Structures are given as structure tokens and as C-alpha cells.
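A short worksheet on the structure shown next.
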Amino acid sequence: MINKVVANADEAIQDITSGMTLMLGGFGLCGIPENCINSLVNKDIDQLTCISNNAGIDDFGIGLMLKKRQVKKMISSYVGENAEFERQLLSGELEVELIPQGTLATRCMAAGYGMPAIFTPAGVGTEVAEGKETRNFDGKEYLMEMAFDADFALVKAWKGDTAGNLIFRSTARNFNPVMAMAGKITIAEVEHLVEIGDLDPDQIHTPGIYVHRIFEGKDYEKRIEQLTVRER
Amino acid sequence: MINKVVANADEAIQDITSGMTLMLGGFGLCGIPENCINSLVNKDIDQLTCISNNAGIDDFGIGLMLKKRQVKKMISSYVGENAEFERQLLSGELEVELIPQGTLATRCMAAGYGMPAIFTPAGVGTEVAEGKETRNFDGKEYLMEMAFDADFALVKAWKGDTAGNLIFRSTARNFNPVMAMAGKITIAEVEHLVEIGDLDPDQIHTPGIYVHRIFEGKDYEKRIEQLTVRER
Amino acid sequence: MLDKIGIAKRIAKEIKDGYYVNLGIGIPTLVANYIPKGINIVLQSENGLLGMGPFPFEGEEDSDLINAGKQTITTLPGSSTFDSALSFGMIRSQKVDLTILGAMEVSEHGDIANWKIPGKMVKGMGGAMDLVASAKNIIVAMQHVNKAGESKLLAECSLPLTGVKCVKKIVTELAVLEIADEGGFRLLERAPGISVEDIRIATLGKLIIEGEIPEMQL
Amino acid sequence: MLDKIGIAKRIAKEIKDGYYVNLGIGIPTLVANYIPKGINIVLQSENGLLGMGPFPFEGEEDSDLINAGKQTITTLPGSSTFDSALSFGMIRSQKVDLTILGAMEVSEHGDIANWKIPGKMVKGMGGAMDLVASAKNIIVAMQHVNKAGESKLLAECSLPLTGVKCVKKIVTELAVLEIADEGGFRLLERAPGISVEDIRIATLGKLIIEGEIPEMQL
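Residue numbers (our numbering), protein chains in the order written: chain C, 187 to 418; chain F, 187 to 418; chain Y, 11 to 228; chain L, 11 to 228.
Pasting the structure below:
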């Protein structure tokens with residue numbers, strides 16, 4: 187069997203080059219591919235287009251790539267939790283395409299399901315609809331939105347096996363499974379890499395056919411963006 | 187909380203009436219909603235349209251409904267494993283619409299995902315494409331296929347909880363999850379009905395929001411259509 | 011006049027037993043605290059969770075378990091997790107019974123603007139456009155007038171839209187109103203101590219007043 | 011001339027290490043038995059399984075575990091199950107590297123007919139139309155001529171089509187042929203004991219013969 191297991195993030199991302207389009211899983215800082223991001227930051231590449239729901243914070247996640255000026259364009263639904271992002275955006279150094287969160291998720295899913303386009307009502311009648319084809323089904327208007335085309339998808343799972351099968355944990359699942367399905371090459375970093383046969387086939391969220399490289403990440407910080415607690 | 191749990195199949199299907207469109211999960215005889223089918227057979231209704239990948243065999247599954255002449259139309263990808271089906275088809279008593287298996291699954295999924303139509307290359311250039319809109323994306327032709335609209339979806343799961351969350355077992359999953367998402371009213375029969383909290387939230391295949399009624403089925407036969415074994 | 015908690019309490023009365031509900035950030039989040047006794051609902055968080063529970067006790071927070079506002083939360087028995095595509099799938103297919111969210115402006119046709127102020131840093135629409143375009147029942151929780159004293163209930167929104175013809179009901183510190191089919195804000199209830207005239211003054215869009223307008227019961 | 015096992019053995023040589031493969035019913039199923047040593051593949055069954063194993067031992071069959079031919083099967087370590095929509099999703103998105111299936115007719119443009127004979131009971135296309143429309147690499151395993159002695163390699167298919175311009179390669183009891191970009195069956199290999207002339211006689215569509223045609227190695 188072709189070996190999908192690589193030693194670490196550096197090896198996994200070695201052929202990512204300047205100008206490529208990357209998908210990065212996660213919602214806020216939850217479930218982001220920390221190891222891959224750190225390796226990207228240490229690599230001499232730029233002009234990247236990043237498809238990711240958010241853009242990290244100043245000192246963590248995609249924010250680190252922004253600080254190193256590696257990102258040409260962000261395609262996201264909600265951004266601007268960090269000062270450097272705002273500075274680059276206002277100065278015109280960074281291009282941002284804001285799209286509805288469900289559209290973002292569904293355009294990933296469309297790629298993974300081999301559907302070239304999907305219809306969604308999100309954004310009808312708003313500036314999101316500008317330049318897009320609309321279509322009426324049963325009296326309701328929909329926008330036609332195209333499947334994404336990404337060179338690499340970088341995702342983070344809780345467990346994975348050497349065949350590339352992935353299991354996510356709680357809401358750290360978010361965009362990771364749909365992006366895993368959508369990359370031309372998909373790299374999965376996992377907290378626990380196990381042997382084939384160790385995972386229950388019925389519990390796998392992302393079948394290994396969608397995953398090209400996998401490694402066990404290290405030193406996960408898993409930062410919390412908004413710590414909210416209640417009184418005991 | 188509104189109680190989704192019903193006592194048995196008779197109660198679950200009590201408001202299914204003649205002329206309705208039903209989705210029935212299963213692939214061959216694997217994962218079919220046996221209890222619901224048996225209750226339908228005992229009910230004085232007919233003129234049903236059934237969306238189901240297959241049509242059962244003479245003495246089991248949807249074949250029993252055919253024998254009672256309850257079915258006006260089958261929408262399936264592969265049929266005719268039983269003599270009565272063939273007789274009704276050739277005599278014109280039964281209408282059959284054959285559609286590609288992936289198209290069948292994806293039209294269910296489209297309904298569950300609130301997408302009015304999807305694009306698939308399956309059937310382009312064949313008689314399946316007749317009367318359908320085709321569209322070229324990136325040099326490849328696709329058919330536009332519409333989401334299904336079913337009054338009821340009848341599915342069978344392995345485990346379920348009282349909130350309607352479902353877990354399927356092995357390849358008995360097949361069409362069940364996508365049909366569960368697609369019914370206006372979805373009825374789930376399960377081998378094991380458990381309390382909320384007994385299932386791991388990360389392992390649920392069909393979230394309870396899609397399931398309106400649930401009951402623990404009884405006397406499952408789970409027949410095997412093609413018993414194939416190897417020498418020890 | 012209602013305070014934020016009053017608005018949340020009044021909206022809570024709109025919720026029926028068994029509802030699946032998506033709550034936006036701000037006042038909508040407070041609604042969860044005032045669900046009437048005997049009513050059980052399931053909260054959907056669009057980042058991939060059904061069955062959201064309260065904030066965790068200190069020290070029990072889980073970085074893998076957050077809501078759409080990125081706050082640490084808990085799950086309740088019967089909860090389920092799923093990916094973002096399925097999450098918006100259930101929103102688009104109208105399995106979520108009620109969406110409650112805030113707004114900067116609402117028009118008398120039910121248009122809503124709540125994501126962008128030209129000239130200011132735009133953070134994005136998140137899931138708001140999907141929610142308003144899909145939900146079968148949308149209640150807006152907001153102040154009747156903005157900080158500059160201008161009405162937020164207008165003939166047409168002046169800000170970039172989030173969605174068109176989608177809002178069903180609006181609860182403000184002054185009133186409960188519904189969008190009439192023919193257009194216009196139909197006044198349903200007055201807040202305690204608020205007169206119809208107070209509401210008329212604070213409403214720039216077409217206000218429809220039919221018969222006696224009762225004071226709301228909380 | 012090859013028997014069915016010979017055809018399966020020859021096709022097995024087309025399979026590369028790490029391939030995800032979907033095998034149709036009949037001769038294609040036999041291919042799994044002749045995968046060369048050192049080559050590991052993963053079999054996809056379109057009813058919702060990756061990592062299909064051999065038939066179970068007697069008494070170990072599981073009614074919940076079948077393949078697309080409804081036969082009882084087993085799973086191998088590393089397998090995964092999923093619903094039918096995802097199954098065809100991975101087929102449409104070309105994650106399945108190779109599809110091997112039977113055919114009644116193939117045209118010199120790569121069209122395939124394998125699901126319907128007018129006037130006979132039609133059972134349906136199952137997943138065949140999805141597979142042929144989506145797969146990036148399709149090999150047809152079939153007899154060169156039908157039972158009436160008529161060629162199944164034609165200028166145009168006479169039977170209702172399953173898919174157009176999709177077949178890449180054909181392995182029959184007589185030959186290995188590929189569909190040329192400009193149309194036509196390009197002869198690649200002869201079966202043992204079969205001459206180019208034998209193949210020419212059995213092929214009604216345009217046959218392209220370039221240079222020496224080697225005998226196939228099994």
C-alpha cells in the first residue's frame with residue numbers, strides 16, 4: 187500500500203508553493219491545523235489564497251501567516267479578529283472575499299461530492315448576489331455558487347489511522363470534513379495516529395480515500411478564543 | 187419536550203394515506219424498514235409512489251406491498267428481483283421510473299440540504315437525459331436533477347435515542363441517512379431505542395432534528411438476498 | 011420600556027415546545043435563560059451542534075466545544091455534532107423552526123440589514139445570510155432606535171442588506187410588531203408604559219395600527 | 011484465447027499500488043483474486059463501503075454487510091462505511107482511481123451500453139451510469155463477440171447507452187484495446203494464440219493497428 191503517513195508538518199507541506207490556493211479547516215481557533223500553519227509560516231512562500239471560515243488572531247492560527255505577509259487573499263465568512271488583518275485590508279495589501287458561512291461550507295462540500303455548482307438562497311437580494319446567476323425554483327430565488335478548487339486542504343482531526351480515515355471531536359469538526367473532501371491534495375494532522383483496524387468503520391467521519399497525507403501533530407495549544415464560564 | 191417516541195409501526199404510519207409519496211431506506215433487503223413495511227401492507231391504502239433503490243423480493247420488503255397492489259409507481263435504480271413486479275410492469279399496472287443510483291441518493295441529499303437541484307454527469311447522452319436541462323461546466327456536461335419531495339421517509343437504524351438521533355450499522359446505512367433528511371415527516375424504526383445521553387454526540391449519523399417519530403422495531407428478519415461464503 | 015432582559019423575556023414567549031432554535035449573538039442569546047417552564051427546546055449552533063447547553067463551570071471548559079460566537083459551552087443529553095455543511099443543510103431545509111437575531115435596520119417589507127456599515131471595518135456576515143434566507147420563522151430582537159436617536163424600522167433599509175423579505179416579527183424595547191403581507195409594521199403589543207404615539211414617533215416605516223393595541227404581558 | 015480468469019488476470023496488471031477500485035459484477039469481481047504481489051488496493055462498493063474484503067466463512071455472514079451485488083462480504087482493517095450519497099460523491103469527485111465493469115457493447119468513441127435491451131425486462135442501471143460518467147479510468151471486461159457471434163466493438167452502439175465517451179480500455183478474450191483520442195479501437199496486445207487477423211474479423215468498429223502487436227503477458 188502506498189504510505190500516506192509522513193513524519194511531520196514540514197514533510198507534509200513540502201510541495202506547497204507560492205500562489206497556491208489552500209483550504210484550512212477550523213472555526214475560530216477551534217479545530218485549526220496548528221502544525222501545518224506553523225510549518226507554512228516557517229516556509230519561504232507567499233501570495234497564497236486561503237479559504238478558511240476565519241483568519242485567526244494576531245499571534246495564532248492564520249494570523250501568523252498574515253503577519254509574515256504570506257496571504258494574498260482570504261475567502262472567509264467572518265474575519266478581522268486581529269489588528270494586523272485590519273491594517274493589511276485597509277492598506278490594500280490583502281484582498282478579502284466575504285461569503286456566507288453556509289455557502290462557504292457547501293462550496294467545499296460540492297467539490298468533495300463532484301458537483302460543479304450548488305444553489306443556495308443565502309445572499310439573494312444582497313451585494314453577495316452581484317454578478318451571480320440567480321434562478322427561481324418553486325417561487326423562491328436561489329444563487330448558483332460554484333464548487334471550490336483548492337490545491338491543498340489542510341485539516342485537523344482528533345484521531346486518524348494510517349489509511350487516512352479521520353474522526354473529529356465535538357465542534358472541532360466544523361469545516362474540517364468538507365474541506366478534507368475538497369482538496370486536490372488533502373493533508374490531515376491528527377492528535378492521535380493509530381493503526382488500521384483500530385477505528386470502528388462505522389464511526390469514521392472522513393473516509394481515507396479523501397486523505398492523501400497524514401501525520402500525528404505535536405504540541406497542540408488548542409487555544410480558547412472566548413473563555414466563558416458560569417458560577418458554580 | 188415533544189415526544190417523538192411512538193409505540194410501534196402502526197402508530198407511526200397511521201396518517202400515511204393513499205396516493206402519498208414515500209421514501210423507503212435500504213439497499214436490496216439490507217437496512218429496510220421491515221416493521222413499517224409490514225404495517226403498510228396491513229393498512230388499506232394504495233396508489234403509493236415509492237422512492238427506494240430496489241423493490242424487494244416476492245415475499246419480503248416492498249415486494250409485499252406490490253403483491254397487495256398498493257404501489258402505483260416505483261422510483262428506483264434497480265428492480266425486478268421478483269416475478270410479481272415483472273408481471274405488473276409488463277401489464278402496465280405498475281409505473282417504474284429508473285434513475286441512476288447516485289442520482290437517486292443525491293436527489294435525497296439535496297432535499298435534506300435544502301438544495302432545490304443538483305448537477306450530475308450521470309446519464310448525460312443517454313435516455314435518462316431526455317427532457318432534462320444539461321449544462322456545461324469546465325468542458326464537461328451535467329444534468330440538472332431536482333431534489334425529491336416526499337411526504338414520508340421510512341428508515342431503519344441500528345440504534346436511536348428518544349430525541350431521534352440515529353446510528354446505522356455497516357452497509358445497512360446505505361440510503362437511510364439521506365432519506366431520513368429528505369422526508370417531510372421522517373419515521374425511524376430502530377433495533378435498539380435508548381435514552382438521550384446514551385449515544386456519543388460525535389458518533390451520531392443522523393441528528394434528531396431530521397427525525398419526527400421513532401420506535402423500537404421487533405421481530406427483525408434481516409434476510410440475506412445473496413448468501414455468499416468461502417471455504418475455510 | 012423594556013430593557014434587554016425584557017426583550018429576551020418577551021421573545022421567549024414566542025417559543026413553542028419542541029422547537030429547534032438558532033440564537034444570534036447579543037440579546038438573542040439571553041432568550042435561552044427565559045424559556046417558560048414545561049417548554050423544552052433544542053438550541054442549534056451553526057458551527058455544528060444541536061443540543062447546546064450552558065457555559066461550562068470554570069475549569070471544565072473544552073477548547074473543542076464552542077458555539078458560533080466562539081464561546082466555550084457545554085452539550086446537553088441528546089446532543090449531536092456535525093460538520094458545517096450539514097449544519098447549514100438543516101438550516102436551508104427549514105428544519106430549524108425559529109431563528110432569533112439582532113439587526114441594525116429592518117424594512118417594512120421584512121428586509122434586514124445587520125452585517126455591514128459602509129466606511130467601517132467589515133467583519134463579515136458569518137452565517138447570518140444563510141439563516142435569514144432560509145429560516146421559516148425569523149424574529150428580530152433590537153432597539154427601536156439607534157444611538158443617534160434614528161428609527162431602525164424603515165420604509166427601506168439604508169445599509170447593505172443581509173436578506174430580503176424574511177423577517178416575520180420584531181421585538182424592541184417599545185413594541186412587538188409583525189411584518190404585514192402587504193408591507194408595513196403591524197403593531198401587535200406595546201411595552202409597559204409605552205403609548206401608541208411613542209411607537210409612532212419612533213417608527214419611520216409604515217406603521218399599521220388596527221384596533222386597541224394591548225400592553226405586552228411578560 | 012483467454013478464459014474469464016485470463017481476462018481478469020490481464021486486467022489485474024492494470025492496477026497500481028494504492029488504487030481505489032470499483033469492480034462491477036461478473037468478470038470484474040474476479041479481478042480481485044489476481045492482484046499482483048506487493049500491490050495493495052482498496053475496493054469500493056457503491057452501496058457504502060471502502061475496504062471490502064472476501065466473502066465470509068460459512069456461519070460468519072452478517073446481513074448488514076453486503077456489497078453492491080447484494081452478496082454477503084467482509085471488511086478489511088482500515089475500512090469505512092458511509093451513506094449512498096457520499097459513496098457516489100467520492101465516485102463523482104474522481105477519488106475512485108479505476109472502475110472495471112462489463113459491457114454489452116462499446117463504440118469506437120468509448121460509448122458503452124450495458125444496462126438495457128429493448129423488448130427485454132429492464133432491471134435498471136443501478137450505479138453504472140454514475141460510475142461511467144465520473145470515473146477517470148474505466149476498463150471494460152467483456153467477450154469480444156456476443157453469443158450470436160456478433161462483434162461487441164462497434165462504430166456506434168446499437169443498444170441504449172449507459173454513458174458516452176468514457177471507456178478508456180477494453181480487455182476481451184482476444185485482445186487489449188484502448189480507445190484512441192481520434193476515435194477507434196487501438197490494438198495494444200493479442201491474447202496468446204490469437205492473430206491480428208482474428209481480432210480484425212471480430213471487430214466491427216474501426217480497428218487501429220500500429221506496428222507489431224505484442225502477445226500479452228499474464
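The C-beta atom is built at its ideal place from N, Cα and C for all residues, glycine as well. Predicted, not measured: the structure shown is a model, and the values here were computed from it.
* Asked: My guess is that residue 56(L) and residue 159(L) are in contact by the Cβ rule of under 8 Å, so how many angstroms apart are they, rounded?
  -> Start at 1 with the first residue of the fourth sequence, and residue 56(L) comes out as number 46. Start at 1 with the first residue of the fourth sequence, and residue 159(L) comes out as number 149. That pair is no contact at about 33 Å.
* Using 8 Å as the threshold, is the stretch 257-268 of chain C in touch with the stretch 66-75 of chain L, meaning 3 or more CB pairs across them? -> The stretch 257-268 of chain C vs the stretch 66-75 of chain L: no contact.
* If you follow the alpha helix (DSSP H) that residue 97(Y) is part of, which residue opens it and which one closes it? -> Taking the third sequence and counting its residues from 1, one reaches residue 97(Y) at position 87. From DSSP, the alpha helix (DSSP H) with residue 97(Y) extends over 94-102.
* Beta-carbon proximity check, residue 88(Y) vs residue 347(F), cutoff 8 Å -> Here residue 88(Y) corresponds to residue number 78 of the third sequence, with the count starting at 1. Here residue 347(F) corresponds to residue number 161 of the second sequence, with the count starting at 1. Yes. Within cutoff.
* Identify the contact partners of residue 328(C) in chain L, using a Cβ-Cβ distance below 9 Å as the criterion. => Looking up residue 328(C) in the first sequence gives position 142. The contacting residues do not exist; residue 328(C) stays about 20 Å from chain L at best.
* **Residues of the stretch 351-375 of chain C with Cβ closer than 8 Å to any Cβ of chain F, in chain order** => The stretch 351-375 of chain C vs chain F, Cβ under 8 Å: 353, 354, 355, 356, 359.
* To do: Tell whether a beta-carbon distance below 8 Å holds between residue 218(F) and residue 208(F).
  => Stepping through the second sequence from its first residue, residue 218(F) is reached at position 32. Stepping through the second sequence from its first residue, residue 208(F) is reached at position 22. Taking the C-beta atoms as reference points, residue 208(F) is found no nearer than 8 Å to residue 218(F).
* Asked: So the alpha helix (DSSP H) residue 289(F) belongs to, where does it begin and stop?
  -> Locating residue 289(F) in the second sequence gives position 103, counting from the first residue. That run of the alpha helix (DSSP H) goes 287-298.
* **Residue range of the unbroken alpha helix (DSSP H) whose run includes residue 18(Y)** => Taking the third sequence and counting its residues from 1, one reaches residue 18(Y) at position 8. Counted as a single uninterrupted DSSP element, the alpha helix (DSSP H) harbouring residue 18(Y) occupies residues 14-22.
* Thinking residue 214(F) and residue 76(L) are a contact (beta carbons under 8 Å), I'd like their distance in whole angstroms, please. => Position 28 of the second sequence, counting from 1, holds the residue named residue 214(F). Position 66 of the fourth sequence, counting from 1, holds the residue named residue 76(L). Cβ atoms of residue 214(F) and residue 76(L) come within 8 Å of each other, at about 7 Å.
* Roughly how many angstroms separate the alpha carbons of residue 45(L) and residue 15(L), rounded to a whole number? -> Counted from its first residue, the fourth sequence places residue 45(L) at position 35. Counted from its first residue, the fourth sequence places residue 15(L) at position 5. A straight-line Cα-Cα distance of about 12 Å links residue 45(L) and residue 15(L).
* Using a Cβ cut-off of 8 Å (strictly closer), state whether residue 395(F) contacts chain L. => Position 209 of the second sequence, counted from the start, is the residue given in the question as residue 395(F). At a cut-off of 8 Å between beta-carbon atoms, residue 395(F) makes no contact with chain L.
* To do: Please classify residue 247(C): is it buried, with 16 or more other beta-carbons within 10 angstroms of its beta-carbon, or exposed?
  => Taking the first sequence and counting its residues from 1, the one referred to as residue 247(C) is at position 61. Burial of residue 247(C) is indicated by the presence of at least 16 other C-beta atoms within 10 angstroms of its C-beta.
* Closer than 7 Å at the beta carbon, the chain F residues around residue 87(Y) -> Numbered from its first residue, the third sequence carries residue 87(Y) at position 77. Here the neighbours are 382, 383.
* To do: Please list the residues of the stretch 279-293 of chain F that have a C-beta atom closer than 7 Å to any C-beta atom in chain C, keeping them in chain order.
  => Those residues of the stretch 279-293 of chain F that come within reach of chain C (Cβ to Cβ, closer than 7 Å) do not exist; the list is empty.
* To do: Tell me, please, whether the CB atom of residue 222(C) is closer than 8 Å to any CB atom in chain Y?
  => Against the first sequence, residue 222(C) aligns to sequence position 36. For residue 222(C), the answer is no, since every Cβ of chain Y falls outside 8 Å of its Cβ.
* Could you check what DSSP says for residue 335(F) in three-state terms: helix, strand or coil? => For this step, residue 335(F) is matched to residue 149 along the second sequence. It is coil, neither helix nor strand.
* the stretch 247-270 of chain F: positions lying closer than 7 Å to chain L by Cβ -> Listed by position, the residues of the stretch 247-270 of chain F near chain L (Cβ gap below 7 Å) are 262, 263, 264, 265, 266.
* Would you tell me roughly how many angstroms separate the C-alpha atoms of residue 118(L) and residue 217(L), rounded to the nearest one? => Translated into the one-based positions of the fourth sequence, residue 118(L) becomes position 108. Translated into the one-based positions of the fourth sequence, residue 217(L) becomes position 207. In a straight line, the C-alpha of residue 118(L) is about 8 Å away from that of residue 217(L).
* Contact under 8 Å by Cβ, residue 401(C) with residue 241(C) -> If you number the first sequence from 1, residue 401(C) lands on position 215. If you number the first sequence from 1, residue 241(C) lands on position 55. Residue 401(C) is not a Cβ neighbour of residue 241(C), given a cutoff of 8 Å.
* To do: For residue 347(C), write down the residues that DSSP places opposite it in a beta bridge.
  => Translated into the one-based positions of the first sequence, residue 347(C) becomes position 161. Residue 347(C) pairs with 380(C).
* residue 406(F), DSSP secondary structure in three states -> Position 220 of the second sequence, counting from 1, holds the residue named residue 406(F). DSSP, read as helix, strand or coil, puts residue 406(F) in coil.
* Between residue 165(L) and the ligand ZN, is the CB less than 7 Å from at least one heavy atom? -> Within the structure as shown, the ligand ZN is missing, as the structure has no ligands at all.
* Considering only C-alpha positions, which residue in the set 68(Y), 134(Y), 96(Y) is nearest to residue 275(C)? -> Counting from 1 along the first sequence, the entry for residue 275(C) is found at position 89. Comparing Cα-Cα distances from residue 275(C) to each of 68(Y), 134(Y), 96(Y), the minimum goes to 134(Y).
* For residue 173(Y) and chain F, any beta-carbon pair shorter than 8 Å? -> Looking up residue 173(Y) in the third sequence gives position 163. So no, residue 173(Y) is outside the interface.
* To do: Write down the C-beta distance between residue 414(F) and residue 81(L) rounded to the nearest angstrom, noting that I regard them as a contact closer than 8 Å.
  => Residue mapping note: residue 414(F) aligns to position 228 of the second sequence, counting from 1. Residue mapping note: residue 81(L) aligns to position 71 of the fourth sequence, counting from 1. Approximately 4 Å separates the beta-carbon atoms of residue 414(F) and residue 81(L); this is inside 8 Å, confirming the contact.
* To do: Could you work out which residues of chain C lie near residue 303(F), taking near to mean beta carbons separated by less than 7 Å?
  => By 1-based counting over the second sequence, the position of residue 303(F) is 117. Within chain C, the residues near residue 303(F) are 305, 323.
* Contact list for the stretch 188-209 of chain C against chain Y, Cβ threshold 7 Å -> Of all residues in the stretch 188-209 of chain C, none places a beta-carbon less than 7 Å from a beta-carbon of chain Y.
* Runs of alpha helix (DSSP H) wholly within the stretch 26-91 of chain Y (minimum 4 residues, chain order) -> Listed in chain order, the complete alpha helix (DSSP H) runs (minimum 4 residues) inside the stretch 26-91 of chain Y are 37-41.
* Chain-ordered chain L contacts of residue 414(F) [CB-CB under 7 Å] -> Within the second sequence, residue 414(F) is the residue found at index 228, counting from 1. Those are 65, 81, 82, listed as they occur along chain L.
* **Near-chain F residues of the stretch 219-245 of chain C - C-beta to any C-beta below 9 Å** => The residues in question: there are none.
* To do: Take the Cβ of residue 322(F) as the centre, count every other Cβ of all protein chains shown within 10 Å, and call the residue buried at 16 or more, exposed below.
  => Here residue 322(F) is taken as the residue at index 136 of the second sequence, counted from 1. Residue burial annotation: residue 322(F) is exposed, with fewer than 16 other C-beta atoms found within 10 angstroms of its C-beta.
* **Neighbour list for residue 137(Y) in chain F, Cβ cutoff strictly below 7 Å** => Start at 1 with the first residue of the third sequence, and residue 137(Y) comes out as number 127. None at all; the shortest Cβ gap to chain F is about 14 Å.
* Asked: How would you list, in chain order, the residues of chain Y whose beta-carbon sits under 9 Å from the beta-carbon of residue 409(C)?
  -> Numbered from 1 along the first sequence, position 223 holds the residue referred to as residue 409(C). The answer, in chain order, is 73.
* **Per-residue DSSP class, three states only, for residue 206(L)** => Locating residue 206(L) in the fourth sequence gives position 196, counting from the first residue. Assigned with DSSP and collapsed to three states, residue 206(L) falls in helix.
* Distance, Cα to Cα, residue 411(C) vs residue 264(C)? -> Here residue 411(C) corresponds to residue number 225 of the first sequence, with the count starting at 1. Here residue 264(C) corresponds to residue number 78 of the first sequence, with the count starting at 1. Residue 411(C) and residue 264(C): Cα-Cα distance of roughly 14 Å.
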